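The sequence shown lines up with residues 10 to 125 when you count with this note's numbering.
A short worksheet on the structure shown next.
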Amino acid sequence: QVRLVESGGGLVQPGGSLRLSCAASGFTFSIYAMNWYRQAPGRERELVAGISSGGTGSSTYYEDSVKGRFTISRDNAKNTAYLQMNSLEPDDTGVYHCKVPNFDYWGQGTHVTVSS
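This is how it looks when you write it as structure tokens:
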């Protein structure tokens with residue numbers, strides 16, 4: 010069955026960087042788009058980045074507040090999606106989840122805290 014395991018979160022100072030990973034199993038990873046969502050404390054979950062299926066040349070989407078700071082990518086050989094987060098801000102704090110748009114499945118997420 011579908012399984013997504015997020016990792017790479019932690020505590021980082023403003024301006025710092027983190028790289029989140031999403032290890033996928035139970036389905037043919039390469040043929041599905043992947044999204045990263047964020048749920049900040051007291052706020053609704055929001056889509057922050059997405060990447061289409063395929064390999065090199067996949068199209069990407071970014072929510073306005075993360076454009077130029079976050080980069081989504083995928084390694085189909087490793088069945089893994091990534092979210093490189095640079096110039097982190099306190100408003101980036103939250104639980105980050107990866108998700109396949111086609112499946113009604115959420116992993117446990119990984120916590121990101123941006124604080125001095």
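Glycine included, every Cβ here is placed at the ideal spot set by N, Cα and C.
All figures in this text were calculated on a predicted structure; none of them were measured in a lab.
Using the C-alpha atoms, what's the distance from residue j back to residue i?
i: Thr102; j: Val121; result: 5 Å
i: Gly24; j: Asp100; result: 12 Å
i: Cys31; j: Gly59; result: 13 Å
i: Pro50; j: Ser74; result: 17 Å
Let me check one thing: in DSSP terms, what residues is residue i bridge-paired to?
i: Pro20; result: A small fix is needed here, since residue 20 is Leu in this sequence, not Pro. Answer is Thr122.
i: Val104; result: Gln48 and His120
i: Phe79; result: Met94
i: Ser68; result: In DSSP, Ser68 forms no bridge with anything.
i: Gly28; result: A small fix is needed here, since residue 28 is Arg in this sequence, not Gly. Arg28 is bridged to Gln93.
i: Asp113; result: In DSSP, Asp113 forms no bridge with anything.
On a Cα-Cα basis, can you pick out the residue from the options that is closest to residue i?
i: Ser39; options: Met94, Val104 and Ala90; result: Ala90
Hey, residue i and residue j are a contact pair by Cβ (cut 8 Å); roughly how many whole angstroms apart?
i: Tyr70; j: Lys108; result: Their Cβ separation, rounded to whole angstroms, is 13 Å, which puts Tyr70 and Lys108 out of contact at 8 Å.
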